[in-house]
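Numbering-wise, the sequence shown is residues -27 to -1, 1 to 545 according to mature numbering (1 follows the signal peptide of the UniProt record, and there is no 0). Written out below as structure tokens is the structure these notes cover.
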Amino acid sequence: MRVRQGLGRTAVFAVALWLHTAAPAAAQQPADKATIDSRVALGVRFLKGEQKKATGAWGDGDGAAAVGRTALTGIALIESGVSVTDPCIKQAANFVRLYTPDLDSTYDMSLAILFLDRLKDQKEKNEKDKQYIQLLAGRLIASQMASGGWGYKAQKYGEQNVLRLIAALKKVSAATPDKPVDMTKVRANLPENMRRLAVWSDGAGRLPADPAAVGDKRNDLYDAATDNSNTHLAMVGLWTARKYEIPVDRTFVLVNRRFRTSQGPGGTWAYDFVRTGADGNNAMTCIALLGIAIGHVVAPEPDVKPETDPVIINAFVALDKAIGAPVGDTTNRPKVKDVGGLYFLWSMERIAVLYDLQKLNKKDWYQWGAEILISNQSGDGSWEEGGFSGQSPLVNTCLALLFLKRANLLPDLSKRLTVDPGALAAKVDIKLAPKIDPPTNVIETAPPPHTVQPKPVPVPLAVPPAPTPAPRAQPQAEAEAPEPAKKTPWLWIVLGLFLLGLLGLGLLFLFMRRGDEDEEADEEEDSDKKKKKAKKKRKVASDGDESPKSAAPKKARPLTTKKAKVEVDEDE
């Protein structure tokens, strides 16, 4: 009886476990358009709530020190769908315009150009914005170092000197082989320090090395230790300024030479400029790919297309190793810092959009990144952890929104860059997965033809084992059978699981009911046994009472008692 009760409990547990495992898993939360849009809306709400109502600025600091973060936030909001006529954008624009003449930071100048350019579609167009953009662009051109990059600080030239520099560059840009320009005369009207700017060099060969980044060399105005992060934003700002009659081709020839000569053997670039080449991180690699793309536009080489450029191919091969594949779910994804940080994701997004690459090695980079960002967004709409130097919830959120919106900050560059994305992706795939297996297989299968099998004539009778390969062909046919299961509608699967669950519950009910009936039968059987035992005991007792009256001697009594006891024991 106890054994059957234990079996009953085991059956209950087994069926419950089966139902649990057979039930469909919890619904996944994919990074679909609806989810992404809702998360972007949360981020926009967070950014709007962080604006300083008194000044219209964002971030720490006051005055010119707050221009960079204010401009970046304004760009992120506009790219996320906020109108340029929205009060928060208009207030931010007034703040940026107010402090533009005081800017002397590469970051701040570049972001201010981008932000003011985004305001060009507003109904109340400010004609002064063009002058601001030209002023900032001239300062950036004058701040480029001989290595083709930028440091943290930029020259703070006045408007008149900037206009002279722009005019001189226009004359040089108009020169042709038939009508060369005398560079000495062109620079004659410029201040002495402007005559020695890096932009006047031809950019041929290897560029000179930067000074060591010690002391305050990163902030030096004339011989700075440059880095690719400041160079990144300077490139974006100057390419944007190109639309405002700023001659930037000579500047970008230097930039292109910088990146073409400093790629590391692993296909990446370092944070600092290393003229002999050095590997670094993936964010710097994305930045270098921007410089190389600009080079293909302003100084294209006839025999080298972007999709066949080994510098570009090796860079994307390196980036592929840092990109994962989407899993179709936004829960339990890696931390942002563990996949390279938000600065890398933002840089990767812009490069993939620029080169029109939807996937790398068949991996959807956007879905992969979107799943990670959605998984790491805070309840207030911000991203607390950015995984890069200088991070903050404000800056992190701006970069995350730009990624989720696939923001293309340089749409005109995308139009001018002629690239075959399919051919480029194929070249990268070949590099990632070289065809090594086929040659080894050919070598392995080659021996059978060379080993002349007709020679062992006596062995044909031993060939009967040959039928054994025949069955091996059948498993291949059977292995193809599961394919139709992939096409089975989910509705039938769910319905089948439901019916199986009902069947299991029905069997469980019958089993338990039968157990109850067996238990009752056991109880009746035990009751009958007890009655029989009691009856035998009474019979033995009655026999004992009658024994003294019999003529048998008294010594026989113990034998009778012992015999009765044995019978009771046997009954028991």
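Idealized CB from N, CA, C, for every residue including glycine.
Status (buried if at least 16 other CB within 10 Å, exposed otherwise) for residue i
i	result
Thr157	exposed
Gly22	exposed
Pro521	Low confidence applies to Pro521: its pLDDT is 43, below 50, so where it sits in the model is not reliable, and the reading given next is rough at best. By the neighbour-count rule (16 or more Cβ atoms within 10 Å), Pro521 is not buried but exposed.
Pro150	exposed
Val401	buried
Leu292	buried
Asn305	exposed
Arg389	exposed
Thr249	exposed
Thr204	buried
Asp81	buried
Phe68	buried
Gly469	exposed
Phe376	buried
Supposed contact pair residue j and residue i - C-beta distance, whole angstroms, cut 8 Å
i	j	result
Trp341	Gly297	5 Å
Asp183	Ser116	Incorrect: roughly 14 Å between the Cβ atoms, too far for contact.
Leu84	Leu206	7 Å
Asp302	Glu344	7 Å
Leu50	Ile62	6 Å
Pro394	Asp329	4 Å
Leu142	Arg91	Contact doesn't hold; Cβ gap of about 25 Å is too wide.
Thr213	Thr241	Incorrect: roughly 26 Å between the Cβ atoms, too far for contact.
Gly16	Ala373	6 Å
Asn192	Tyr125	5 Å
Cα-Cα separation between residue i and residue j, rounded to whole angstroms
i	j	result
Ala171	Ile347	44 Å
Val368	Ala37	17 Å
Ser320	Tyr195	28 Å
Val284	Gly352	42 Å
Gln331	Glu322	10 Å
Asp155	Phe225	21 Å
Phe289	Ile260	12 Å
Lys25	Trp31	6 Å
Ala4	Gly363	28 Å
Gly47	Lys93	13 Å
Thr370	Thr391	32 Å
Ala161	Arg168	8 Å
Gly178	Pro307	43 Å
Thr58	Lys378	20 Å
Pro366	Leu45	13 Å
Asp189	Ala399	45 Å
Gly239	Asn287	8 Å
Ala295	Phe317	10 Å
Lys152	Pro60	52 Å
Glu451	Ala396	Because the pLDDT of Glu451 is 39, which lies under 50, any placement of that residue in the model is unreliable, and the number read from its coordinates should be weighed accordingly. Whole-angstrom Cα-Cα distance: 37 Å.
Glu52	Asn229	28 Å
Arg137	Gly354	47 Å
Ala39	Ala256	24 Å
DSSP-derived helix/strand/coil call for residue i
i	result
Lys335	coil
Gln236	strand
Trp31	coil
Asn369	helix
Ala406	coil
Asp252	coil
Asp385	helix
Lys126	strand
Asp245	strand
Thr58	coil
Asp200	strand
Ser348	helix
Ser120	coil
Ser174	coil
Ser83	helix
Ser355	coil
Ser320	helix
Lys527	For Lys527, the predicted structure reports a pLDDT of 44, less than 50, and the residue's modelled location is therefore unreliable. A value from the coordinates is still provided. Looking at Lys527 - three-state DSSP - the assignment turns out to be helix.
Ser11	helix
Leu113	helix
Leu397	helix
CB contact below 9 Å: residue i versus chain C
i	result
Ala147	Of the chains in the structure shown, none is chain C; there is only one protein chain.
Residue i Cβ short of 8 Å to the ligand GTP heavy atom set
i	result
Asp252	Ligands displayed in this structure: none; no statement on the ligand GTP is therefore possible.
Practice item. Mind listing, in chain order, the continuous beta strand (DSSP E) runs of no fewer than 3 residues lying wholly within the segment 129 to 169? Key: none
Point to revise | Entirely enclosed alpha helix (DSSP H) segments - the segment 268 to 299, minimum 4 residues | key: The qualifying runs are 283 to 293.
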